[in-house]
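If you want our numbering, it's the 1-based position in the sequence shown plus 108.
Virtual Cβ for every residue (Gly too), placed ideally from N, Cα, C.
Note that the coordinates shown come from a computational prediction; the quantities given were computed from them, not determined experimentally.
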Amino acid sequence: MCAATPSSAVAGGVAGFSRCISIEEKFDAQNIPPVERAREFCRELEAGNILLFPESPIRIPADERELLLGRKQTSSAYHKNIAYRPKEDRITGLDSSEQAEAAELRRLLKNYSERSVEFLSGLLTPYKGKWKLDYASFRPIEEKGRPARLHARNDLLHFDSFPTRPTNGARILRFFTNINPVQNRVWLTAETFATFGPRFAKKTGVIPPVGSSVTRAARLLASKLGVPGAMKPPYDESMHRCHNAMKEDAAYQESTPKQRWEFPPNSSWMVFTDCVSHAVLEGQYALEQTFLIPQSALVEPGSSPLAILEGVAGRALTI
Ligand SMILES: O=C(O)CCC(=O)C(=O)O
Ligand SMILES: [Fe+2]
């Protein structure tokens, strides 16, 4: 039974939709699951299911929590999430008037990032050490009614694709924690990529055609000259086209069958957001860490979005 209660037209366990698997055991560095169990967790995630930890395995000390919840939503910077780049140990998304708080926030996000890495290293041993650690984020803005331009709206169903950070086939695994003490974080999900992706790709031609060798040479040159996205792998181009097309399609957003999930205060959940179409409707104050999982670490590489799109295209889509 899942504490993130689905309430929607689509019941849990329907083929082509996500299930939520609630994990009540306390896993940590001292208590890691046996290998087969860890592989099973990976398999569930890769199939588009959600792993929920009703009681977050990440301990956030009271003083850290107070600091995060105490931030006022006044300045323009609060229209963006605050990102933490672990490799550079740097935060972005604050404006110049908030530099005094930057060091403090950087410390808190660094802590969340490190604790998440430690937890996932113990739980998902098949991925351990093979991932590329992407950004962490703090989401202090109420999602209900949050203004954003169409393609940046997270209240519309989409599969994640990062326009400026192509993954070249690596998968996007995100680990969220709702640090709000009283309010659920509410998501919708719809058909998973395995069901939606091939149909969509065939219908809309989201897979870019093979360029001529002249086009490829021109793109390579542009890339060498520093033009961003000039050498975007066809995989990322497809996923990004799909992301945008979904958000532009009001009829799809309105009529596609959906599931609704409520993630309670102090819960954590993880999900491959490149194969679970998701939208956040309500909630304020969440932390998140993103992991990029290479094809070589996947338990079921044959069901990844890359394999699905390459099956439709009949050719390799990475570079
Ligand atoms: O903040 C959330 O709960 C999810 C938002 C989302 O879709 C995203 O960050 O890609
Ligand atoms: Fe998303």
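Using three-state DSSP, classify residue i as helix, strand or coil.
{"i": "Phe135", "result": "coil"}
{"i": "Thr312", "result": "helix"}
{"i": "Phe267", "result": "coil"}
{"i": "Arg261", "result": "coil"}
{"i": "Asp242", "result": "strand"}
{"i": "Pro142", "result": "coil"}
{"i": "Arg293", "result": "strand"}
{"i": "Val384", "result": "strand"}
{"i": "Tyr393", "result": "coil"}
{"i": "Asn219", "result": "helix"}
{"i": "Leu281", "result": "strand"}
{"i": "Ala423", "result": "Here residue 423 is Arg; the residue named in the question, Ala, does not match the sequence. Coil, per DSSP."}
{"i": "Tyr360", "result": "helix"}
{"i": "Ala256", "result": "coil"}
{"i": "Asn286", "result": "strand"}
{"i": "Ile190", "result": "strand"}
{"i": "Thr200", "result": "strand"}
{"i": "Ala168", "result": "The identity of residue 168 in the sequence shown is Ile, whereas the question assumes Ala. In the structure shown, Ile168 sits in coil (DSSP, three-state: anything other than H, G, I, E or B)."}
{"i": "Asn401", "result": "It should be pointed out that residue 401 corresponds to Ile in this sequence rather than to Asn. Three-state DSSP puts Ile401 in a strand."}
{"i": "Ile129", "result": "strand"}
{"i": "Arg273", "result": "coil"}
{"i": "Leu159", "result": "strand"}
{"i": "Glu370", "result": "strand"}
{"i": "Met347", "result": "helix"}
{"i": "Met109", "result": "Bear in mind that the predicted position of Met109 carries a pLDDT of just 40, short of 50, making it too unreliable to give a figure here."}
{"i": "Arg324", "result": "helix"}
{"i": "Thr303", "result": "helix"}
Taking the C-alpha atoms as reference points, what is the distance between residue i and residue j?
{"i": "Asn288", "j": "Phe371", "result": "10 Å"}
{"i": "Pro341", "j": "Met347", "result": "10 Å"}
{"i": "Thr364", "j": "Lys252", "result": "20 Å"}
{"i": "Glu132", "j": "Pro165", "result": "10 Å"}
{"i": "Arg215", "j": "Arg193", "result": "12 Å"}
{"i": "Cys128", "j": "Arg254", "result": "26 Å"}
{"i": "Lys134", "j": "Met339", "result": "44 Å"}
{"i": "Ile158", "j": "Gly277", "result": "21 Å"}
{"i": "Gly419", "j": "Ala358", "result": "28 Å"}
{"i": "Asp171", "j": "Asn292", "result": "21 Å"}
{"i": "Gly319", "j": "Lys311", "result": "21 Å"}
{"i": "Leu333", "j": "Tyr360", "result": "39 Å"}
{"i": "Glu222", "j": "Leu228", "result": "10 Å"}
{"i": "Val122", "j": "Glu148", "result": "19 Å"}
{"i": "Ser224", "j": "Leu241", "result": "11 Å"}
{"i": "Ala185", "j": "Val143", "result": "Caution applies to Ala185, whose pLDDT of 47 falls short of 50 and renders its modelled position unreliable; the value that the coordinates give is listed next. Approximately 44 Å, taken between the alpha carbons."}
{"i": "Ala476", "j": "Phe267", "result": "In the structure as shown, the chain starts at 109 and stops at 427, and residue 476 therefore has no counterpart that could be examined."}
{"i": "Pro402", "j": "Tyr343", "result": "13 Å"}
{"i": "Leu417", "j": "Phe304", "result": "11 Å"}
{"i": "Pro409", "j": "Glu362", "result": "32 Å"}
Measuring CB to CB, does residue i end up less than 7 Å from residue j?
{"i": "Ala394", "j": "Asn286", "result": "yes"}
{"i": "Val407", "j": "Arg151", "result": "yes"}
{"i": "Ser385", "j": "Leu265", "result": "yes"}
{"i": "Gly201", "j": "Ala208", "result": "no"}
{"i": "Gly230", "j": "Ile140", "result": "yes"}
{"i": "Val290", "j": "Pro169", "result": "no"}
{"i": "Glu453", "j": "Val294", "result": "Residue 453 lies beyond the stretch modelled for the chain, which goes from 109 to 427, so this question has no answer here."}
{"i": "Trp377", "j": "Leu160", "result": "yes"}
{"i": "Ser130", "j": "Pro162", "result": "yes"}
{"i": "Gln392", "j": "Glu212", "result": "no"}
{"i": "Leu258", "j": "Lys355", "result": "yes"}
Rounded C-beta distance between residue i and residue j? I'm assuming under 8 Å.
{"i": "Ala421", "j": "Ile315", "result": "5 Å"}
{"i": "Ser404", "j": "His351", "result": "Not confirmed; about 25 Å, so no contact."}
{"i": "Pro283", "j": "Asp382", "result": "For clarity, residue 283 is Phe in the given sequence; the question names Pro instead. Wrong, their Cβ atoms sit about 14 Å apart, outside the cutoff."}
{"i": "Thr275", "j": "Leu425", "result": "Not a contact, Cβ separation roughly 12 Å."}
{"i": "Gln367", "j": "Leu296", "result": "7 Å"}
{"i": "Phe380", "j": "Gly156", "result": "7 Å"}
{"i": "Asn189", "j": "Phe246", "result": "7 Å"}
{"i": "Leu281", "j": "Leu153", "result": "7 Å"}
Closest Cβ-Cβ distance between residue i and chain D: below 7 Å?
{"i": "Ile249", "result": "In the structure shown, chain D does not exist; there is a single protein chain."}
Segment contact, 8 Å Cβ cut-off, at least three pairs: the segment 194-202 with the segment 412-422: no
Closer than 7 Å to ligand 3: residues, by C-beta to nearest heavy atom, in chain order: For ligand 3, the structure offers nothing, since it holds only ligand 1 and ligand 2.
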